[in-house]
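K.L.:
Residue numbers (the working numbering): 339 to 604.
1. Excluding five sequence neighbours on each side, which residues of the same chain lie with their C-beta closer than 7 Å to the C-beta of residue 554?
2. Should residue 475 be labelled buried (16 or more other beta-carbon atoms within 10 Å of its own) or exposed?
3. Tell me, to the nearest whole angstrom, how far the beta carbon of residue 577 is from that of residue 395; I am working on the premise that it is less than 8 Å.
4. With distances taken from CA atoms, which of 490, 482, 454 and 442 is nearest residue 470?
5. If we ignore side chains and look at the alpha-carbon of each, how far apart do residue 397 and residue 421 end up?
6. With DSSP collapsed to three states, give me the class of residue 470.
7. With three or more C-beta pairs closer than 8 Å as the rule, is the region 381–393 touching the region 541–555?
8. Of the residues 399, 595 and 588, which one's Cα is nearest the Cα of residue 352?
9. Is residue 376 helix, strand or coil by DSSP?
10. At what residues does the beta strand (DSSP E) containing residue 505 begin and finish?
11. May I ask whether a heavy atom of the ligand FAD can be found less than 7 Å away from the beta carbon of residue 498?
12. I believe residue 556 touches residue 517 by the beta-carbon criterion, under 8 Å. Please report the beta-carbon distance rounded to the nearest angstrom.
13. Short of 6 Å in beta carbon distance, which residues of its chain neighbour residue 506, apart from the five on each side in sequence? Order them along the chain.
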């Protein structure tokens, strides 16, 4: 399989692993708003190709019919088997951006905000109602045709929910319904990257994967420990997610193994 990498600090770690394993890979820059790659990748007809870097690479993969390309995923919030285990699902409000100025009070109350899909239109995080309304008003002040592709637009669906107290957060990489590697990425208020996970958190994540099989050929899942127990935070596109302290050798080999089995991309 050919690996096409956007030149980021994080993907450099992946490139080092690919080089050690002797796997074909190349480095590229993405032309902003256009989505083409520089230099143009050299690919053989029918060759399997995977891309890592910014989420917008999915457009390049789709335009060129690359498989597996980028593993796009469904909005996790709507996945029935997971809803009872989500941190924010039971208390979440889902609104189109156009409805926010009328339905969200412009005050100092904090909200956790993120898109419901994996579009990366805005980074998830805690913002006040006033900040959220200001963001929406700025977008709505522009005609939709003037908004850059991949940015927030009038129809963007956003999830808002009360912030929760989180004690620890982990990211897990799932390939063919198997958790292949993981990383701690936050402990209390501190950002901490360590290749470790509590046994019960790993078992919790594996149960979530088993409860919703074939969600995607490959994806990342974030889980956390709260004062009320273990919860699922979200899923993300594996091709555009930070690696933290994951075992990239295991991830690469799992993806290479998946590519060798006919029909697993569908």
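We put the CB at the ideal spot given by N, CA and C, even for glycine. These numbers come from a predicted model, not from an experiment.
P.N.:
Let me spell this out:
1. Residues 409 and 411 of the same chain have their beta carbon placed closer than 7 Å to that of residue 554, with the five preceding and five following residues left out of the count.
2. Within a 10 Å sphere around the beta-carbon of residue 475 sit fewer than 16 other beta-carbons, which makes this residue exposed.
3. Between residue 395 and residue 577 the Cβ distance is about 7 Å, and since that is below 8 Å, they are a contact.
4. Minimum Cα-Cα distance from residue 470 among the listed residues 490, 482, 454 and 442 corresponds to 442.
5. Taking the straight line from one Cα to the other gives about 29 Å.
6. In this structure, residue 470 counts as helix in the three-state DSSP scheme.
7. In short, these stretches do not touch, since the Cβ pair count stays below three.
8. For residue 352, the closest of 399, 595 and 588 by C-alpha to C-alpha distance is 588.
9. DSSP, read as helix, strand or coil, puts residue 376 in strand.
10. Residue range 504–513 is occupied by the beta strand (DSSP E) that includes residue 505.
11. The model depicted lacks the ligand FAD and carries no ligand whatsoever.
12. Residue 556 to residue 517, Cβ: 11 Å. No contact.
13. Correct list, in chain order: 525 and 563.
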